[in-house]
Structures are given as structure tokens and as C-alpha cells.
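Contents: one structure, followed by commentary.
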Amino acid sequence: MAAEPSHSITDPIPLRIVDYLDPAFVRLDELETLGYGWDSYDAEPVASLALRTARGLLILSVERVRQSLDAPYALSVVPIADGGVQIEWHTISASLEVEGRPDGVLDYLIENHESNRVEEGFDVRSDEILKALDSLSPSSAIS
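So, in C-alpha cells, the structure goes:
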């Protein structure tokens, strides 16, 4: 018989997780206001589909964050000049950078700082990103 999970999807999200993710959602709202040339060059406005994809990915990441509250990741969200969005999760031992392209396609790069191993994925599904996010936990590593 499978073990029952200690929480369900309908459980309230702990305040620590809300506090952790809220700045990322605020930043995505800010990116939505960037116009053409926001970088003083020829940067495209951030595409609506890239923003929706990034928001969805952050929502999906809640469960991973919930499971690792003792070792939270540093999180940042930055615009990309082609109209995409990059989400970055960093720990002491590894970093995951996910690029949401303007068309909503996801690419990622994960780097293990201890072994200097780098792994990339192109045109991947969100579940592959979540698997890569799992590898940032202290109990697992890029093999």
C-alpha cells in the first residue's frame, strides 16, 4: 500500500513559500510593463506567452519548494532581450537557469558547482524542468 502524502494540493501554502515566491510574481508583473528597447538597445517587450509560461512554472515549483523548506533556493527572474523570461534557482552547490522563449518553449541549463558538470535541455516540458529543480536539493545531484 502506497504511503499517504503528508499534504495535498488543497492544503494551504505555508507563508514561507508565499514569501519566497511572491517577489518572483511581482517581478513578472514588472516585466509585463517593459516596452521596446527596455535595455537601451533593441530589446523586444517581454512576450505574454513567455510570462504565462513563467508564472505556470513557478506555480508548479511550489511542491518542490514545499519539500525543501530547510534549504530554500535563491530565486531570480530576469527579462531576455528577445522577449523571453529567464527564471534562475541557485543553491550553494548548483544552479538551474530556465529560459522561457517568447513562444512559450522552455530550455534549461543546470550546473553542479562542485563537479563543474553542466547539463542542458532544449524544447522541454515543464515536468523535465521540475526534475532538474529536484536535482538542486542537497540530497541529490547531477550525475
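Each residue of the sequence shown is one higher than the last, beginning at 2 in my numbering. From the three backbone atoms N, C-alpha and C, an ideal C-beta is built for every residue, glycine too.
Does the Cβ-Cβ distance between residue i and residue j come in under 8 Å?
i: ASP108; j: VAL125; result: yes
i: GLU129; j: VAL119; result: no
i: LEU22; j: VAL63; result: yes
i: GLU98; j: ILE81; result: no
For residue i, report the span of its beta strand (DSSP E) as first-last.
i: SER77; result: 75 to 80
i: ASP43; result: Segment: none, ASP43 is in no beta strand (DSSP E) and carries neither H nor E.
i: VAL86; result: 86 to 91
I need the DSSP call for residue i, collapsed to helix, strand or coil.
i: LEU59; result: helix
i: VAL99; result: strand
i: ASP83; result: coil
Quick check on this structure: which residue in the options has the alpha carbon closest to the alpha carbon of residue i?
i: ALA25; options: GLY36, PRO46, TYR74 and SER136; result: TYR74
i: GLY57; options: LYS132, ALA133 and LEU29; result: LEU29
i: THR34; options: ILE18, ASP20, LEU52 and ASP43; result: LEU52
i: VAL27; options: LEU59, LEU134 and ILE93; result: LEU59
i: ALA48; options: VAL106, SER77 and ILE18; result: VAL106
For residue i, I'd like the list of residues in its chain whose CB is within less than 6 Å of its CB, leaving aside the five on either flank, ordered along the chain.
i: SER96; result: GLU112
i: GLY121; result: Sequence inspection shows Glu at residue 121; the Gly mentioned does not correspond to that position. So the qualifying residues of the chain are LEU110.
Could you tell me the boundaries of the alpha helix (DSSP H) in which residue i lies?
i: ILE130; result: 127 to 135
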